[in-house]
Structure formats: structure tokens, C-alpha cells
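Asks: For the sequence shown, the working numbering assigns the number 278 to the last residue and increments by one with no breaks.
The structure that follows is given in the form of C-alpha cells.
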Amino acid sequence: MLSDSKIKSLKPSEKTYRISDHEGLCIEIKPTGVKLWRYRYRIAGKENIFSIGEYPGVGLSDAREQHRKARGL
């Protein structure tokens, strides 16, 4: 699972990459350095992505709470 200090230490790369937290919640790091919270899930075998928000505007605990609510739907 991710921690706030680990998220802060993530650096941009040439390509967008994702680091998983748990149960489909991940943080996506863009080449520009923007960090976005994403919830990846499947419905009828098709992958979907729910955008939660941008870090640090949406912190780790807020992202986990939004993820929990989205899973409940």
C-alpha cells in the first residue's frame, strides 16, 4: 500500500505509469509530473477507469474514501 511520503517521492518518466494502492485504486504519474488518482474496475469483463482527482488536491485518505464509495456503487 502507498504512503504519503512514497507518493511525494514518485518522479515523472517519459511515459505515463501507475502505482497500485489496493483493490483497483492507483496513482497515475504523467510525464508532466501531474499525479492523478484512478480507480480501475471491470463491468461485464470490460475495464473501466474512474477518475478521483489530482494529488495533492485529493490526498491519500480522501482518495481511499472516494474509492470505497465508488466500490459500493
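The C-beta atom is built at its ideal place from N, Cα and C for all residues, glycine as well.
1) Output the distance between the C-alpha atoms of G262 and W242, rounded to the nearest integer angstrom.
2) Is the beta carbon of I234 less than 7 Å from the beta carbon of P217?
3) What are the start and end residues of the alpha helix (DSSP H) that includes L265?
4) Is K208 helix, strand or coil by DSSP?
5) Beta strand (DSSP E) containing G238: first to last residue?
Replies: The structure says:
1) 10 Å
2) yes
3) 265-277
4) The question names Lys, but residue 208 in the sequence shown is Ser. S208: coil per DSSP, three-state reduction.
5) No beta strand (DSSP E) holds G238; DSSP gives it neither H nor E.
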